[in-house]
Amino acid sequence: MDERKQVQRITDKFSNNIKKLFSDFLEEFSSSPEGLSSHSNAQPVHDYMHQLHNMQKEDRTTLYVDFQHVQEYKQVLADSIAVHYYRVEPYLMQAVKGLLAKHLPDYKDDDRGEKSFFVSFHNFPEVEPIRGLKTVKVGQLTSITGTVTRTSQ
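Note that the sequence shown covers residues 419 to 571 in the numbering used here.
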């Protein structure tokens with residue numbers, strides 16, 4: 419067998435579709451009514467595009483996303499992220515990186531090379547008690563609650 423034979427790469431169509439939907443969400447979502455600002459010029463306010471610009475100004479690498487906004491935008495996207503989080507997380511980060519490359523090309527790199535960007539979800543609707551976590555939740559996006567009774571160094 420020829421060792422130099424190229425290995426066939428398999429593409430994850432599901433995750434690539436989620437990446438596209440998430441990218442569209444970040445570009446299009448507006449939490450204000452009708453997507454308009456309160457100013458007289460009535461320009462649309464896109465929450466996450468505004469946050470991407472602020473990330474550059476503040477030199478941050480984490481985009482904070484309200485999960486309720488994802489649900490409002492497209493329930494199938496929210497469900498896919500929640501159930502298949504471990505599988506789609508790298509694609510969500512690629513979506514952020516792609517938008518930064520498209521809209522703020524100078525920000526995706528720094529002195530040390532390419533930056534890594536992250537997505538942090540908050541306002542997740544279901545909160546599980548930490549003692550109630552089961553293996554069925556492995557790989558899913560989960561919000562937990564509990565009490566820290568002891569810490570050590």
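Just so you know, even glycine gets a beta-carbon here, dropped at the ideal spot from N, CA and C.
Assigned exposure category for residue i - 16 Cβ within 10 Å defines buried
i, result
"residue 501", "exposed"
"residue 506", "buried"
"residue 498", "buried"
"residue 548", "exposed"
"residue 377", "With the chain running from 419 to 571 in the structure shown, residue 377 is simply not present."
"residue 551", "exposed"
"residue 398", "Given that the chain is displayed from residue 419 to residue 571, the structure contains no residue 398 and the question cannot be resolved."
"residue 488", "buried"
N-terminal and C-terminal residue of the beta strand (DSSP E) that residue i is part of
i, result
"residue 483", "480-484"
"residue 546", "545-547"
Which of helix, strand or coil DSSP assigns to residue i
i, result
"residue 428", "coil"
"residue 443", "helix"
"residue 502", "coil"
"residue 508", "helix"
"residue 491", "helix"
"residue 537", "strand"
"residue 531", "strand"
7 Å Cβ cutoff met for residue i and residue j
i, j, result
"residue 559", "residue 509", "no"
"residue 538", "residue 482", "yes"
"residue 496", "residue 441", "no"
"residue 533", "residue 479", "yes"
"residue 562", "residue 546", "yes"
"residue 491", "residue 443", "yes"
"residue 525", "residue 486", "no"
"residue 535", "residue 515", "yes"
Residue span of the alpha helix (DSSP H) that contains residue i, given as start and end
i, result
"residue 561", "No alpha helix (DSSP H) contains residue 561, which is instead part of the beta strand (DSSP E) from 561-563."
"residue 474", "465-476"
**the region 515-534 in contact with the region 545-555 per 3-pair CB rule at 8 Å** = Using a Cβ-Cβ distance cut-off of 8 Å, the region 515-534 and the region 545-555 are not in contact, since fewer than three pairs of beta carbons, one from each stretch, lie closer than that value.
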